[in-house]
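As given, the protein sequences belong to chains B and R, one line each in that order. Numbering (my numbering) for the first sequence: 157 to 402. Numbering (my numbering) for the second sequence: 157 to 402. Note that the Cβ used here is the ideal one computed from N, Cα and C, for glycine as well. In this text, all values refer to a predicted model and were calculated from it rather than measured experimentally.
2 protein chains.
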Amino acid sequence: MTKPRVRATSEEWDYLREYRVGDYPTPLLTVDAVLFTFHDNQLQVLLVQRANHPAKGQWGLPGGFVALEQDADLDATVRRNLMAKTGVEPPHIEQLASYGSAHRDPRGWSVTVCYSALIAHQACAQQIDSVSDVRWVPLDEALVSPLAFDHQQLLVDARERLRQKALYSIVPAYALPDRFTLPQLQQLHEVLIGKTLQKKSFRRRIEQAELLIDTGEKRGEGGRPASLYRMRPNTADHFFVRNLES
Amino acid sequence: MTKPRVRATSEEWDYLREYRVGDYPTPLLTVDAVLFTFHDNQLQVLLVQRANHPAKGQWGLPGGFVALEQDADLDATVRRNLMAKTGVEPPHIEQLASYGSAHRDPRGWSVTVCYSALIAHQACAQQIDSVSDVRWVPLDEALVSPLAFDHQQLLVDARERLRQKALYSIVPAYALPDRFTLPQLQQLHEVLIGKTLQKKSFRRRIEQAELLIDTGEKRGEGGRPASLYRMRPNTADHFFVRNLES
DNA sequence: TTAGTTAAGTGACATATAGTCACTAATTAG
DNA sequence: CTAATTAGTGACTATATGTCACTTAACTAA
């Protein structure tokens with residue numbers, strides 16, 4: 157399974173026979189994820205109750221160790237861990253940052269590679285409601301709860317990153333169902349940014365960026381029904397504000 | 157040195173007596189840095205010739221293992237490694253991303269936390285000229301050289317991130333001397349972005365953002381002398397384009 | 001059927017930012 | 001003193017965003 161990417165010289169093989177992973181004094185490495193969703197007009201995050209020491213019984217972010225024999229890379233590790241808790245793969249995962257210090261874990265020097273992910277609430281609601289050690293928590297509530305390790309800090313940083321994205325991209329849309337309305341998306345952005353936005357400006361920017369496809373369907377609750385949109389597939393970047401290149 | 161941040165329960169101590177860092181099968185962890193500078197109208201990066209296996213003799217990025225007994229956190233690790241090669245601390249360091257897979261290092265599953273840093277060429281020119289295993293290499297040249305491990309990929313990603321920053325911030329200015337002229341900064345941004353910029357637009361944006369201080373000094377070579385500026389201290393963000401918050 | 005309510009979506013003008021380029025300013029070389 | 005060179009500005013144009021009243025399309029209750 158562990159195949160060297162670069163062909164080793166014979167001198168290198170002599171070296172490798174002696175030194176392998178596990179022989180080096182290296183920090184403990186974990187991968188964690190902040191999985192966001194938007195539900196009941198609130199930003200929510202997935203929390204998991206720890207089954208093992210340290211911090212047994214406390215709530216924290218979903219994550220875990222790299223499965224050395226199974227995971228091809230870090231992305232695979234985070235996808236496997238999220239799949240284990242939600243039963244599905246989130247449509248958007250991106251690496252946030254790594255946190256490492258001598259004191260963040262009582263076992264000693266440790267590093268976590270933290271990811272940020274987004275998913276529709278309904279996509280995994282049943283799976284999550286059926287177990288007691290995994291649940292959606294409103295972000296504002298999670299931010300003031302005592303969490304395992306430095307997971308509070310990871311939440312703060314993930315939230316700030318997502319807030320930044322709301323200023324110039326439609327990435328937050330992955331926290332909504334496949335088909336969603338522009339007023340829905342605007343509400344999400346307003347919650348993230350923390351202030352109301354101009355309907356006209358918001359729509360104009362998104363329409364001009366051509367990142368969404370109008371499905372033709374409508375959905376209404378009370379007043380005029382809104383058009384349902386979906387993300388345009390194969391879109392590398394999700395920017396809706398002009399940058400200085402164009 | 158390794159003091160738990162959170163006070164452990166007695167049950168936890170029983171656990172910790174048994175399990176410590178080193179007992180877990182965990183990937184090899186290293187920290188690498190892409191140190192940029194701007195010199196001779198070129199973007200350059202610091203490369204180091206590897207003294208040990210694997211990839212002994214090949215050129216790669218400065219970096220190394222976490223010193224478990226010495227480094228308080230990952231930032232300390234990267235600063236120590238850069239200090240060892242340049243003799244000084246770069247004025248700007250930020251984390252870029254982490255790269256981990258089963259195959260990027262012949263020793264097995266490994267992860268590197270990659271940083272991006274900027275420094276003035278003159279700040280460490282003597283130190284670097286005095287040794288043969290460390291040198292500045294023009295980025296375009298480094299990008300087509302065979303480098304150790306996946307360091308080529310790290311270079312590509314670091315360059316792209318710095319290019320993005322050039323579009324909306326003056327962070328690249330840390331690759332210049334303490335005092336620099338606006339035409340100098342503009343040239344750097346033009347090299348990064350890959351196209352010429354409008355002098356007036358560039359100046360206007362930077363002046364309006366009030367991120368630079370005019371030192372009153374002048375420097376000229378041929379024509380009218382240009383004003384020398386320095387970075388305004390205590391500036392958290394270095395954005396010079398309006399964002400949608402303001 | 002119709003008037004009132006609600007929420008979606010648009011028209012049109014005001015304001016702010018960026019692009020363009022000719023012009024002025026300050027220095028050196030000869 | 002004049003030409004060459006590079007720094008820096010004035011003033012207009014083009015484009016993007018802010019604002020808000022207005023129209024549209026649904027529902028509900030007389």
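(request) Output yes or no for whether 8 Å exceeds the beta carbon distance between B:H277 and B:L217. (result) Contact flag unset, no.
(request) Output yes if chain B places a C-beta closer than 8 Å to the C-beta of R:W215; else output no. (result) So no, R:W215 is outside the interface.
(request) Step through the CB atoms of chain B and report whether any lies within less than 8 Å of the CB of R:P328. (result) It does not; no Cβ of chain B falls within 8 Å.
(request) With a threshold of 16 other CB atoms inside 10 Å of the CB of R:I369, please say whether the residue is buried or exposed. (result) Classified as exposed, R:I369 has fewer than 16 neighbouring CB atoms from the shown chains inside 10 Å of its CB.
(message) Do B:C270 and B:D133 count as a contact pair if the criterion is CB distance below 8 Å?
(response) The requested residue 133 of chain B does not occur in the structure, where chain B is confined to residues 157 to 402.
(request) Please report how far the alpha carbon of R:A232 lies from the alpha carbon of R:E250, in whole angstroms. (result) Rounded to the nearest angstrom, the two C-alpha atoms are 12 Å apart.
(message) Threshold first: 3 residues or longer. Then list the beta strand (DSSP E) segments lying entirely within the segment 169-235 of chain R, N to C.
(response) As for any beta strand (DSSP E) of minimum length 3 sitting wholly inside the segment 169-235 of chain R, the runs are 184-195, 198-205 and 219-221, ordered along the chain.
(request) Could you tell me which chain R residues have their CB closer than 8 Å to the CB of B:N399, listed as they occur along the chain? (result) Per Cβ cutoff of 8 Å: L323 and Y324.
(message) Counting only beta-carbon separations shorter than 8 Å, does B:Y180 have a partner in chain R?
(response) Chain R contact via Cβ: present.
(message) Alpha carbons only, please: which of B:H248, B:R359 and B:N208 is nearest the one belonging to B:A279?
(response) Of B:H248, B:R359 and B:N208, the residue nearest in Cα terms is B:H248.
(request) Consider the Cβ of R:P218: report whether some Cβ of chain B lies at a distance smaller than 8 Å. (result) Chain B, which has no Cβ nearer than 8 Å to the Cβ of R:P218, makes this no.
(request) Tell me whether the beta-carbon of B:Y180 lies closer than 8 Å to the beta-carbon of R:F305. (result) At the C-beta level, B:Y180 and R:F305 stay beyond 8 Å of one another.
(request) Take R:L323 as the anchor and find which of R:L332, R:L311, R:L341 and R:F336 has the nearest alpha-carbon. (result) The shortest C-alpha to C-alpha distance from R:L323 to any of R:L332, R:L311, R:L341 and R:F336 is the one to R:L341.
(request) Can you give me, in chain order, the residues of the segment 256-268 of chain R that have a beta carbon less than 9 Å from any beta carbon in chain B? (result) Listed by position, the residues of the segment 256-268 of chain R near chain B (Cβ gap below 9 Å) are G256, S257, A258, H259, R260, D261, P262, R263, G264, W265, S266 and V267.
(request) Have a look at the DSSP bridge pairing and note the partners of B:K374. (result) DSSP output for B:K374 lists B:S383 as bridge partner(s).
(message) With a threshold of 7 Å (Cβ to nearest heavy atom), would B:H277 be considered close to the ligand SAM?
(response) Looking for the ligand SAM in the displayed structure turns up nothing, as the structure carries no ligands at all.
(request) Output the residue ranges of the beta strand (DSSP E) runs that lie fully inside the segment 237-295 of chain R and measure 3 residues or longer, sorted by chain position. (result) Entirely contained in the segment 237-295 of chain R, the beta strand (DSSP E) runs reaching 3 residues are, in chain order, 248-257, 266-274 and 290-294.
(request) Anything in chain R within Cβ reach of B:Q251, meaning under 7 Å, just list it in chain order. (result) The CB of B:Q251 comes closer than 7 Å to the CB of A253 and S254 in chain R, given here in chain order.
(request) Might you give, ordered along the chain, the residues of its own chain that have their beta carbon closer than 6 Å to the beta carbon of R:V327, omitting 5 neighbours on each side? (result) Correct list, in chain order: K321 and H394.
(message) Given this structure, state the Cα-to-Cα distance separating R:L202 from R:W292, to the nearest angstrom.
(response) So the two alpha carbons sit approximately 5 Å from each other.
(message) Quick check on R:N390: does DSSP put it in helix, strand or coil?
(response) DSSP places R:N390 in coil when its eight states are reduced to three.
(request) Please compile the residues from chain B whose C-beta is within a distance smaller than 7 Å of the C-beta of R:A228. (result) Residues of chain B whose Cβ lies closer than 7 Å to the Cβ of R:A228 are, in chain order, S257 and A258.
(message) On the CB-based measure, 16 or more other CB atoms within 10 Å of its CB, does B:M157 come out buried or exposed?
(response) Here B:M157 scores only 40 on pLDDT, less than 50, and its place in the model should not be relied on; the value that follows carries that caveat. When all chains shown are included, B:M157 counts as exposed.
(request) Check whether the Cβ atoms of B:V190 and B:A314 sit closer than 8 Å, and answer yes or no. (result) Cβ atoms of B:V190 and B:A314: closer than 8 Å.
(request) Let me know the secondary structure DSSP gives B:F396 once reduced to three states. (result) If DSSP states are grouped into helix, strand and coil, B:F396 belongs with coil.
(message) Using DSSP's beta-bridge definition, name the partner residues of B:T352.
(response) Per DSSP, none; premise fails for B:T352.
(request) Name, please, each residue of chain R whose Cβ falls closer than 8 Å to the Cβ of B:V190. (result) Within 8 Å Cβ-Cβ: nothing; B:V190 doesn't reach chain R, min ~16 Å.
(message) If contacts are defined as beta-carbon pairs under 8 Å, then B:L353 and B:H345 qualify, I think. What distance do you get, rounded to the angstrom?
(response) Distance from B:L353 to B:H345 at the Cβ level is roughly 6 Å; contact confirmed, criterion being Cβ atoms closer than 8 Å.
(message) Within 8 Å of any Cβ in chain R, is that where the Cβ of B:L202 sits?
(response) Not one beta carbon of chain R lies nearer than 8 Å to the beta carbon of B:L202.
(request) On a CA-only basis, which of B:L400, B:W265 and B:F194 is nearest R:K351? Give me that one, please. (result) Check the Cα spacing between R:K351 and each of B:L400, B:W265 and B:F194: the tightest is with B:L400.
(request) Measure the beta-carbon distance from R:S272 to R:G256 and round it to whole angstroms, keeping in mind my assumption that it falls under 8 Å. (result) Not quite, the Cβ-Cβ distance comes to about 18 Å (not below 8 Å), so this is no contact.
(message) Strictly below 7 Å CB to CB, what residues from chain B border R:F396?
(response) Under the 7 Å cutoff, chain B gives no residues; its nearest Cβ is about 10 Å from R:F396.
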